[in-house]
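Engineer: Counting from 1 along the sequence shown, just add 36 to a position and that's the residue number in the working numbering.
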Amino acid sequence: MLTEYLHRAMSKAVYEKLKDGTYSGEIPECRGTIAFGQTLHDCQVELQSVLKGWLLVKIRHGDDLPVIEGIDLNKAMLEVVKIV
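What follows is the structure in C-alpha cells.
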C-alpha cells in the first residue's frame, strides 16, 4: 500500500524547467514537497527522496496525510496503532 501511495503521489508531480536550465518539481497534494535537479531525471529522483522523508515526518508527528487517488494511509495508520 505504501509503495502504491508513493507511486501515485509521484504521478501527481509537476515539473518546471528553470531559466538556468535546471528543473524544479513539486507534488501539490503533498504540501511542502519540492526538489531541484540539474536534469529532469535528477529532479525526479530527488523529489521521490523528498516525498519519502516528508511522509516519514508526517507519520511520526501524527499529521493527516492527503488521500491520493483513493489511497488513504490515515486509515491504514489507525489499523497499525490498534494492532500495536
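Note that CB positions come from ideal geometry on N, CA and C, so glycine has one too.
Here the structure is a predicted model, which means the values were calculated and not measured.
1) Flag this pair as touching only if the segment 79-87 and the segment 100-113 have three or more C-beta atom pairs under 8 angstroms; answer yes or no.
2) Do the CB positions of Ala49 and Gly57 come within less than 7 angstroms of each other?
3) Tell me the DSSP secondary structure of Lys53 in three-state form.
4) Buried or exposed, going by whether 16 or more other CB atoms sit within 10 Å of the CB of Leu87?
5) What is the rounded straight-line gap between the Cα of Leu54 and the Cα of Leu42?
Structural biologist: Considering the structure as presented:
1) no
2) no
3) strand
4) buried
5) 25 angstroms
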